[in-house]
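Chemist:
Residue numbers (this note's numbering): 126 to 321.
Next comes the structure, spelled out in structure tokens:
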């Protein structure tokens with residue numbers, strides 16, 4: 126099968142992400158790419174508004190590759206944050222933090238924001254997407270079952286919508302499902318077409 130974005134063959138696409146979910150989703154666009162993990166310290170300025178955090182971190186990751194890109198390379202970086210009541214919920218540090226995050230999301234709605242930055246040797250562009258997710262009331266036993274049997278520590282807001290907790294807990298969603306997974310594919314595809 127010939128890839129639809131055949132014109133991208135002249136570009137070497139680099140996905141700077143440690144996320145297996147982003148890697149799997151980008152494969153779904155029939156794009157060949159190389160993975161270069163990023164090790165940027167995700168430190169957020171104390172006075173930054175929550176809605177700017179995803180874009181800030183995505184750009185920070187791209188800037189760490191400033192001197193590494195050759196003429197035919199296109200870098201993609203991304204970051205996802207969960208925003209609840211004006212606060213950013215990042216990745217939990219331990220099981221207790223994961224429990225507290227999921228308990229706070231239980232029975233409420235929150236925003237998931239993902240920013241994706243595209244960079245080549247000449248220019249840089251960041252696009253963003255936003256999805257509202259509503260959880261039903263989660264019982265404590267359900268939260269602990271998820272924490273003990275899945276891997277919430279590497280996920281913003283301590284959950285993956287594509288896992289058990291998403292199956293049993295999400296009652297409503299306004300926006301892109303893939304954005305909640307951490308990679309708004311419709312926007313990525315749109316930009317790849319422009320870059321090819």
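Here a beta-carbon is modelled for each residue, glycine too, at the ideal position from N, C-alpha and C.
1) What would DSSP say about residue 173, mapped onto helix, strand or coil?
2) Note down the Cα distance separating residue 289 from residue 247, rounded to an integer number of angstroms.
3) When the Cα atoms are used, what is the spatial distance from residue 314 to residue 304?
4) Going by DSSP, which residues form a beta bridge with residue 243?
5) Can you grab the Cα-Cα spacing for the pair residue 185 / residue 293, in whole Å?
6) Using a Cβ-Cβ cutoff of less than 6 angstroms, which residues in the same chain neighbour residue 169 once the five nearest sequence positions on both sides are dropped?
7) Identify every residue that forms a DSSP beta bridge with residue 191.
8) Within the same chain, show all residues whose beta-carbon is closer than 8 angstroms to that of residue 316, passing over the 5 residues directly before and after it, in chain order.
9) At a cut of 8 angstroms, does the segment 180 to 197 reach the segment 219 to 228 through at least three beta carbon pairs?
10) Where do the ends of the beta strand (DSSP E) carrying residue 295 lie?
11) Assuming residue 259 contacts residue 296 (C-beta within less than 8 angstroms), just tell me the rounded distance between them.
12) State yes or no: is the C-beta of residue 309 nearer than 6 angstroms to some heavy atom of the ligand HEM?
13) So, helix, strand or coil for residue 148, using DSSP?
14) Would you identify the three-state DSSP class for residue 255, choosing helix, strand or coil?
Modeler: On the basis of the data shown:
1) Residue mapping note: residue 173 aligns to position 48 of the chain shown, counting from 1. Looking at residue 173 - three-state DSSP - the assignment turns out to be coil, as it is neither helix nor strand.
2) Counted from its first residue, the chain shown places residue 289 at position 164. Counted from its first residue, the chain shown places residue 247 at position 122. About 43 angstroms.
3) Position 189 of the chain shown, counted from the start, is the residue given in the question as residue 314. Position 179 of the chain shown, counted from the start, is the residue given in the question as residue 304. If I take the Cα positions, the gap works out to 13 angstroms.
4) If you number the chain shown from 1, residue 243 lands on position 118. Looking at the DSSP assignment, residue 243 forms a beta bridge with 201 and 250.
5) Numbered from its first residue, the chain shown carries residue 185 at position 60. Numbered from its first residue, the chain shown carries residue 293 at position 168. Each residue's alpha carbon lies about 35 angstroms from the other.
6) Within the chain shown, residue 169 is the residue found at index 44, counting from 1. Around residue 169, the same chain offers 178 as residues with beta carbons nearer than 6 angstroms, after the five sequence neighbours per side are excluded.
7) What you label residue 191 is simply residue 66 of the chain shown in a count that begins at 1. DSSP, once it has assigned bridges, lists no residue as partnering residue 191.
8) The residue you call residue 316 lines up with position 191 of the chain shown. Sequence-distant Cβ neighbours of residue 316 in its own chain, meaning closer than 8 angstroms and more than five residues away, are 241, 243, 250 and 252.
9) no
10) Taking the first residue of the chain shown as 1, we reach residue 295 at position 170. Per DSSP, residue 295 belongs to the beta strand (DSSP E) from 295 to 299.
11) Within the chain shown, numbered from 1, the residue matching residue 259 stands at position 134. Within the chain shown, numbered from 1, the residue matching residue 296 stands at position 171. Confirmed, about 5 angstroms.
12) Annotation note on the ligand HEM: not contained in the displayed structure, which lists no ligands.
13) On the chain shown, residue 148 is found 23 positions in, with the first residue counted as 1. In the structure shown, residue 148 sits in a helix (DSSP, three-state: H, G or I).
14) As a working mapping, residue 255 is identified with position 130 in the chain shown. It is a strand residue.
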